[in-house]
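Peer 1: Got a structure for you, questions after.
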């Protein structure tokens, strides 16, 4: 059986969401694929060659699953799979042998939800193979629990987007899904990942020094997220959406989370014809994205010239799905 799930992009509300304002994320059509089958022997085989793991086996007893080999960064990705399998076994009530192959179109560490996009199709695959028939909503919750176990915390946004697809508006722990149009996007990846923890601390310090100014900025980000949700859910004017992206990016620049590399990709995209361009995620590296209807090739070229890695994608309503049995 082959199962796939999408990555995600934060469209609006980075950083302001930490202070109780709304934010918007969407599924994108970059996907991770997990293919698997049941085995008679009690062994779990995981193959993830595109993550530069030459194939590894995980053995288990009736009590626990043991990851025998550490492959550094790739081993960390596999730890999500290990936790997902444990959650399924706990729910199912016994242990089976599996062979799973993982292939991904999503760069690891770029802030595009690569971890959740591995966890969610793994959960769906095992649920189908074991005839558990877990709903996508149940898989989203289980995916959040996997992230909490591996990372120590989780907002639940990434697994929810990956499982359910579409757009998600989230505020103070509440998630509202809405159907979003297929927006043509170009993601520009700097090749470096910023530290979310450091950036959150930086914004917090700035807010403590200038509380009224930062509150106003966060309120403005809230207004942008609210207006953008209306445009997206009602298939409104994407030119206005581009304008809101540019304003939001200016606010992110103002609170100090951009970098020279990100700013260069943003401005290169706008100059080459994008309706709007902004940072996505915590900043300090990672990615930006551009809204570029009929200008995707030009924006891709501009990002490449500016030193970034262009990734063509679009928003999608499709969440996790069974490709074939």
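In UniProt numbering, the protein residues as written are 1 to 325.
Backbone N, C-alpha and C define an ideal beta-carbon position, used for all residues, glycine too.
These numbers were taken from a predicted model, which means no experiment stands behind them.
#1: Taking only three categories from DSSP, how would you classify residue 310?
#2: To the nearest angstrom, how far is it from the Cα of residue 322 to the Cα of residue 120?
#3: What would DSSP say about residue 99, mapped onto helix, strand or coil?
#4: From residue 1 to residue 103, what does the alpha carbon distance come to, in whole angstroms?
#5: Can you tell me which residues form a DSSP beta bridge with residue 184?
#6: Run through DSSP, which three-state label would residue 132 get?
#7: Along the chain, which unbroken stretches of the beta strand (DSSP E) at least 3 residues long are found entirely within the region 159-219?
#8: The beta strand (DSSP E) spanning residue 7 covers which residue range?
#9: Can you find a C-beta in chain D that's less than 8 Å from the C-beta of residue 135?
#10: Are residue 309 and residue 191 closer than 8 Å when you measure CB to CB?
#11: Once you ignore the five residues that flank residue 156 on each side, which residues in its own chain have a CB closer than 6 Å to its CB?
#12: Helix, strand or coil: which one does DSSP assign to residue 292?
#13: With residue 106 as the anchor, note down where its beta strand (DSSP E) starts and where it stops.
#14: Quick one: Cα of residue 115 to Cα of residue 307, how far?
#15: According to DSSP, simplified to helix, strand and coil, what is residue 276?
#16: Round the Cβ separation of residue 279 and residue 169 to the nearest angstrom and send it over; I've been treating them as touching at under 8 Å.
#17: Which same chain residues end up closer than 6 Å to residue 199 when comparing Cβ atoms and leaving out the 5 residues on each side of it in sequence?
#18: How would you label residue 189, buried or exposed, when you count the other beta carbons within 10 angstroms and need 16 or more for buried?
#19: Could you spell out the range, first to last residue, of the alpha helix (DSSP H) harbouring residue 36?
#20: Closer than 7 Å to a non-hydrogen atom of the ligand MN - does that hold for the CB of residue 106?
#21: Count the other C-beta atoms from every protein chain shown that fall within 10 angstroms of the C-beta of residue 147, then say buried if there are 16 or more, exposed otherwise.
#22: Can we say the region 85-94 touches the region 17-35, given the rule of at least three CB pairs closer than 8 Å?
#23: So for residue 257, helix, strand or coil by DSSP?
#24: Just to confirm the assignment, what range does the beta strand (DSSP E) spanning residue 324 have?
#25: Applying the criterion that 16 or more other CB atoms from any shown protein chain within 10 Å of the CB defines a buried residue, is residue 255 buried or exposed?
#26: Considering only the alpha carbon of each residue, which of 185, 253, 195 lies closest to residue 273?
#27: Using alpha carbons as the reference points, say which of 4, 79, 319, 36 lies closest to residue 164.
Peer 2: So, from the data block:
#1: Position 310 of the chain shown, counted from the start, is the residue given in the question as residue 310. Strand at residue 310.
#2: Counting from one through the chain shown, the residue named residue 322 turns up at place 322. Counting from one through the chain shown, the residue named residue 120 turns up at place 120. The straight-line gap from Cα to Cα measures roughly 12 Å.
#3: On the chain shown, position 99 is the one that residue 99 refers to. Correct three-state label for residue 99: strand.
#4: Looking up residue 1 in the chain shown gives position 1. Looking up residue 103 in the chain shown gives position 103. Rounded to whole angstroms, residue 1 to residue 103 spans 14 Å at the Cα level.
#5: Translated into positions along the chain shown, residue 184 becomes position 184. Per DSSP, 314.
#6: Taking the chain shown and counting its residues from 1, one reaches residue 132 at position 132. Residue 132: coil per DSSP, three-state reduction.
#7: 167-171, 174-178, 184-189
#8: Taking the first residue of the chain shown as position 1, residue 7 is located at position 7. It spans 2-12 - the beta strand (DSSP E) in which residue 7 sits, taken as one unbroken run.
#9: The chain inventory of the structure shown lacks chain D, comprising one protein chain alone.
#10: Position 309 of the chain shown holds residue 309. Position 191 of the chain shown holds residue 191. Yes; because the gap between Cβ atoms is below 8 Å, this pair is in contact.
#11: The residue given as residue 156 occupies position 156 in the chain shown. Closer than 6 Å at Cβ, skipping near neighbours: 144.
#12: Residue numbering aside, residue 292 sits at position 292 when the chain shown is read from its first letter. DSSP places residue 292 in coil when its eight states are reduced to three.
#13: Counting from 1 along the chain shown, the entry for residue 106 is found at position 106. Run containing residue 106: none; DSSP gives neither H nor E here.
#14: Position 115 of the chain shown, counting from 1, holds the residue named residue 115. Position 307 of the chain shown, counting from 1, holds the residue named residue 307. Going from the Cα of residue 115 to the Cα of residue 307 covers about 26 Å.
#15: Translated into positions along the chain shown, residue 276 becomes position 276. Three-state result, residue 276: strand.
#16: Working through the chain shown from its first residue, we reach residue 279 at position 279. Working through the chain shown from its first residue, we reach residue 169 at position 169. No, residue 279 and residue 169 are not in contact; Cβ-Cβ is about 19 Å, not under 8 Å.
#17: The count along the chain shown starts at 1 and reaches residue 199 at position 199. Correct list, in chain order: 257, 282, 283, 284.
#18: Sequence index remark: in the chain shown, residue 189 carries index 189 (1-based). Its Cβ being crowded by 16 or more others within 10 Å, residue 189 is buried.
#19: For the purposes of this step, residue 36 is taken as residue 36 along the chain shown, with counting starting at 1. Segment 23-39 is the beta strand (DSSP E) holding residue 36; no alpha helix (DSSP H) there.
#20: Looking at this structure, you won't find the ligand MN or any other ligand, since it has none at all.
#21: Residue mapping note: residue 147 aligns to position 147 of the chain shown, counting from 1. Sixteen is the threshold: when 16 or more other Cβ atoms of the shown chains lie within 10 Å of the Cβ of residue 147, as they do, the residue is buried.
#22: no
#23: Within the chain shown, residue 257 is the residue found at index 257, counting from 1. In the three-state scheme derived from DSSP, where H, G and I count as helix and E and B as strand, residue 257 is classed as coil.
#24: Reading the chain shown from its first residue, position 324 is the one you call residue 324. Unbroken beta strand (DSSP E) run through residue 324: 321-324.
#25: Taking the chain shown and counting its residues from 1, one reaches residue 255 at position 255. Under this definition residue 255 is a buried residue.
#26: The residue you call residue 273 lines up with position 273 of the chain shown. Residue 273 has its Cα closest to that of 185, out of 185, 253, 195.
#27: Against the chain shown, residue 164 aligns to sequence position 164. Ranking 4, 79, 319, 36 by CA distance to the CA of residue 164 puts 319 first.
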